[in-house]
Amino acid sequence: MEGERILEAGSGAGRFTEVLLKTGADIFSFDYSIAVEANLTNNGNMPNLHLFQGDIFNIPFPQESFDKVICLGVLQHTPEPERAFRSLARHVKPGGELVVDVYKANFLSWLQWKYLLRPVTKRMNKDKLYKFVARVVPILIPFTRFLRTFLGRAGARLSPIIEYTHLGLPSEINRDWAVLDTFDMYSPAHDHPQSLKTVKRWFSEAGFDGTDVQYGSNGIVGRGKKLA
Ligand SMILES: C[S@@+](CC[C@H](N)C(=O)[O-])C[C@H]1O[C@@H](n2cnc3c(N)ncnc32)[C@H](O)[C@@H]1O
617 MEGERILEAG SGAGRFTEVL LKTGADIFSF DYSIAVEANL TNNGNMPNLH
667 LFQGDIFNIP FPQESFDKVI CLGVLQHTPE PERAFRSLAR HVKPGGELVV
717 DVYKANFLSW LQWKYLLRPV TKRMNKDKLY KFVARVVPIL IPFTRFLRTF
767 LGRAGARLSP IIEYTHLGLP SEINRDWAVL DTFDMYSPAH DHPQSLKTVK
817 RWFSEAGFDG TDVQYGSNGI VGRGKKLA
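Residue numbers (the working numbering): 617 to 844.
In structure tokens:
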């Protein structure tokens, strides 16, 4: 991919930036938050990285100027996921590709603890919420592990926290990941999951062809090629 220009929207601390940089393409990576500082620490040594703080609704580049645009783990956390998608789509060159994912919405997803509790937790002071999560999660890890052992993945979903004992992590790392990901679930101001049908419509209305939209590990994963 050397010589290509890839735009990464909402890069966070840069775990996917690291992978993109290995393609040899020029990576234009941005995030709304100071997570860009963490990305700089993690990937700032790479000469093909162009990192900046920015907003998906106001991308500071001409339209149709990227060979590929990628946005993972972000759309549901914007106030208007469809408008955010359209903003990304506008920046793909004719013949270029767009890859996104978004949390999935269906009847079962609305029954998750996070959607029951978020009306309260998303309004809480973030420091207080984090302290609360850091206190409660370690207590609930054995209970969640018990549910997973006897009832599988569905059982683990009965718990209001996320934990990763099944991955065989050392217990301290599992505790840290559980605290961070549980906080990540309850704290965002926005969490707007989408249906498969909606994401397919987004791609077709934005002029993408050869679209592949399906359920994946983070909900719905979609990719498509912009009509030349
Ligand atoms: C769950 S994180 C995902 C980060 C990264 N893509 C990853 O998977 O590790 C969501 C990211 O979207 C960013 N974000 C939210 N709204 C944004 C916006 N309007 N423009 C750019 N980034 C945004 C947040 O700051 C956060 O870093």
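Where is the CB? At the ideal position from N, CA and C, for every residue including glycine.
For clarity, every value in this text was computed on a predicted model and none was experimentally measured.
Inset, instruction - Tell me whether R631 counts as near ligand 1, meaning its Cβ is closer than 6 Å to at least one heavy atom of that ligand. - result: Taking the first residue of the sequence shown as position 1, residue 631 is located at position 15. R631: yes, Cβ under 6 Å from ligand 1.
Inset, instruction - Return the residue from the list V837, D717, S703 that minimises the CA-CA distance to P678. - result: The count along the sequence shown starts at 1 and reaches residue 678 at position 62. Checked all of V837, D717, S703; the closest Cα to P678 is S703.
Inset, instruction - Please list, in chain order, all residues of the same chain as D825 whose beta carbon is under 6 Å from its beta carbon, the five residues on each side excluded. - result: Counting from one through the sequence shown, the residue named residue 825 turns up at place 209. Contacts found: K841, L843.
Inset, instruction - Decide yes or no for the touch test of the region 694-714 against the region 638-647: beta carbon pairs closer than 8 Å, at least 3 of them. - result: no
Legend entry - beta-carbon I643 near ligand 1 non-hydrogen atom, thresh 6 Å: Residue numbering aside, residue 643 sits at position 27 when the sequence shown is read from its first letter. It does not: the Cβ of I643 is nowhere closer than 6 Å to a heavy atom of ligand 1.
Inset, instruction - Go ahead and pull the three-state DSSP assignment for G711. - result: Here the question's residue 711 lines up with position 95 in the sequence shown. Strand, per DSSP.
Inset, instruction - Work out the CA separation of H693 and G670 for me, nearest whole Å. - result: In the sequence shown, counting from the first residue as 1, residue 670 sits at position 54. In the sequence shown, counting from the first residue as 1, residue 693 sits at position 77. So the alpha carbons of these two residues sit roughly 15 Å apart.
Inset, instruction - Specify the secondary structure class of I643 as computed by DSSP and reduced to three states. - result: As a position in the sequence shown, residue 643 is number 27, starting the count at 1. Here I643 sits in strand by DSSP.
Legend entry - C-beta contact flag for V829 and V795 at 7 Å: To locate residue 829, count along the sequence shown from 1; it is residue 213. To locate residue 795, count along the sequence shown from 1; it is residue 179. No, the pair does not count as a contact, with Cβ atoms beyond the cut-off.
Inset, instruction - Using 6 Å as the cut-off, classify the Cβ of S833 as near or not near the heavy atoms of ligand 1, replying yes or no. - result: In the sequence shown, counting from the first residue as 1, residue 833 sits at position 217. False, no ligand heavy atom lies under 6 Å from that Cβ.
Inset, instruction - From the DSSP output, in three-state form, read off A625 for me. - result: Stepping through the sequence shown from its first residue, residue 625 is reached at position 9. Of the three classes helix, strand and coil, the one that applies to A625 here is strand, per DSSP.
Inset, instruction - Confirm the yes/no value for this check: CB of G626, any heavy atom of ligand 3, distance under 6 Å. - result: In terms of ligand content, the structure shown lacks ligand 3 and carries ligand 1 instead.
Legend entry - Exposed unless 16 or more other CB atoms sit within 10 angstroms - verdict on L727: As a working note, residue 727 is residue 111 in the sequence shown. Flag for L727 reads exposed.
Legend entry - Counterpart residues of R839 in DSSP-defined beta bridges: Taking the sequence shown and counting its residues from 1, the one referred to as residue 839 is at position 223. For R839, which the question treats as bridged, DSSP gives the partners V715, D828.
Inset, instruction - Starting from the C-beta of E618, find all residues in its chain whose C-beta is less than 7 Å away, skip the five residues before and the five after it, and write them out in chain order. - result: Here the question's residue 618 lines up with position 2 in the sequence shown. Same-chain partners within the cutoff: G640, A641.
Legend entry - Alpha-carbon to alpha-carbon, E624 and D807: The residue given as residue 807 occupies position 191 in the sequence shown. The residue given as residue 624 occupies position 8 in the sequence shown. Using only the alpha carbons, I get a separation of about 20 Å.
Inset, instruction - Please list, in chain order, all residues of the same chain as N664 whose beta carbon is under 8 Å from its beta carbon, the five residues on each side excluded. - result: Here residue 664 is taken as the residue at index 48 of the sequence shown, counted from 1. Excluding positions up to five away in sequence, the list reads L637, G640, A641, D642, I643.
Legend entry - Alpha carbon of F799 to alpha carbon of L745, nearest angstrom: As a working note, residue 799 is residue 183 in the sequence shown. As a working note, residue 745 is residue 129 in the sequence shown. Approximately 8 Å, taken between the alpha carbons.
Inset, instruction - Spell out the partners DSSP gives D683 in its beta bridges. - result: Translated into positions along the sequence shown, residue 683 becomes position 67. Paired residue(s): none; D683 is not in a bridge.
Inset, instruction - Within the same chain, show all residues whose beta-carbon is closer than 7 Å to that of Q658, passing over the 5 residues directly before and after it, in chain order. - result: Start at 1 with the first residue of the sequence shown, and residue 658 comes out as number 42. Before going on, a small fix: residue 658 reads as Asn here, not Gln. Excluding positions up to five away in sequence, the list reads A629, G630, E634.
Inset, instruction - Tell me whether Y719 counts as near ligand 1, meaning its Cβ is closer than 6 Å to at least one heavy atom of that ligand. - result: Along the sequence shown, read from residue 1 onward, the residue named residue 719 stands at position 103. Result no, Cβ not under 6 Å from ligand 1.
Inset, instruction - Keeping to the same chain, check which residues put their C-beta closer than 7 Å to that of A721; ignore five residues upstream and five downstream. - result: The residue given as residue 721 occupies position 105 in the sequence shown. Hits under 7 Å: P809, Q810, S811.
Legend entry - Beta-carbon spacing of G832, V718 below 7 Å: Reading the sequence shown from its first residue, position 216 is the one you call residue 832. Reading the sequence shown from its first residue, position 102 is the one you call residue 718. No, they are not a contact pair.
Inset, instruction - Taking L691 as the reference, give the member of L767, S820, A705 with the closest Cα. - result: Position 75 of the sequence shown, counted from the start, is the residue given in the question as residue 691. Taking only the C-alpha atoms, the option nearest L691 is A705.
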